[in-house]
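Numbering (this note's numbering), first residue to last: 556 to 787. For reference, the structure is listed below as structure tokens.
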Ligand SMILES: Nc1ncnc2c1ncn2[C@@H]1O[C@H](COP(=O)(O)OP(=O)(O)OP(=O)(O)O)[C@@H](O)[C@H]1O
Ligand SMILES: [Mg+2]
């Protein structure tokens, strides 16, 4: 993927909350079986890489909806994961709320994540099967010191916002459909009222009722809270 494939849906040029510059992620091509067996130098040393993301630059302003569009395997998920700090870029910079967050770790990264959340492409792998929906949704709030009372009220608010019922809070992700699981992931991402939500194909697993509202419903929801969101 290159920078020309990014699609900025807004004309906003000032008040950027996210600025991505020349972002790259190269994965070394693993050595083949025979290479490993013979203990030959790894292919990466010979300069063989998968160029998952190559020189991507874009910026997102306040209240802006930004779509990153491209064919399968072009690097959308990899870009999303780099922005929220789940994987480290090979090179390039990520600025968020005026601060360079490219190589943050630990507490600093945690503080940034309060305002920078992600909804994953695959809701099956993103939800811990041992946690109830209530626990999944309240986990980010626990890390930021919300009281039990505050969490309880917020869980009900969030479930309602994404179209789930209060009694769903005590059930486990396996008891839900793919679309409902996607809603659980959205509720979790909204829990801390972040300034930016990175959505990796957020409607790919939504059920037919929601998909018919599709891309118009989610941006509305996020815009309503004056958040910015990014879709891929
Ligand atoms: N951990 C990894 N190791 C090696 N290559 C990887 C890794 N993760 C992704 N890739 C490769 O990087 C490229 C981009 O992958 P990515 O998942 O970002 O694509 P995508 O645009 O999200 O695709 P899709 O639309 O199918 O979800 C692909 O060629 C993929 O095979
Ligand atoms: Mg993807």
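Here a beta-carbon is modelled for each residue, glycine too, at the ideal position from N, C-alpha and C.
Indicate, with yes or no, if ligand 2 has a heavy atom lying under 7 Å from the CB of residue i.
i: residue 676; result: yes
i: residue 609; result: no
i: residue 619; result: no
i: residue 755; result: yes
Specify the secondary structure class of residue i as computed by DSSP and reduced to three states.
i: residue 577; result: strand
i: residue 572; result: strand
i: residue 694; result: helix
i: residue 750; result: coil
i: residue 597; result: Bear in mind that a pLDDT of 46 at residue 597, under 50, signals an unreliable position, so the number given afterwards is only what the model happens to contain. DSSP places residue 597 in coil when its eight states are reduced to three.
i: residue 631; result: helix
i: residue 603; result: coil
i: residue 712; result: helix
i: residue 647; result: strand
i: residue 725; result: helix
i: residue 730; result: helix
i: residue 611; result: strand
i: residue 671; result: strand
i: residue 689; result: helix
i: residue 740; result: helix
i: residue 719; result: coil
i: residue 774; result: With a pLDDT of 44 at residue 774, under the threshold of 50, the predicted position of this residue should be treated as unreliable, and no value is reported.
i: residue 705; result: helix
For residue i, which residues does DSSP report across the bridge?
i: residue 678; result: None; residue 678 has no bridge partner.
i: residue 583; result: 604
i: residue 616; result: 571
i: residue 655; result: 650
Is it right to say residue i is buried, meaning 16 or more other beta carbons lie within 10 angstroms of its own, or is it exposed?
i: residue 744; result: buried
i: residue 693; result: buried
i: residue 699; result: exposed
i: residue 585; result: exposed
i: residue 575; result: buried
i: residue 605; result: exposed
i: residue 749; result: buried
i: residue 678; result: buried
i: residue 638; result: buried
i: residue 709; result: buried
i: residue 644; result: buried
i: residue 580; result: buried
i: residue 619; result: buried
When you get a sec, list the residues whose CB is within less than 5 Å of any heavy atom of ligand 1, chain order please.
-> Going by the Cβ distance cut-off, the answer is 582, 605, 607, 627, 628, 629, 630, 631, 632 and 633.
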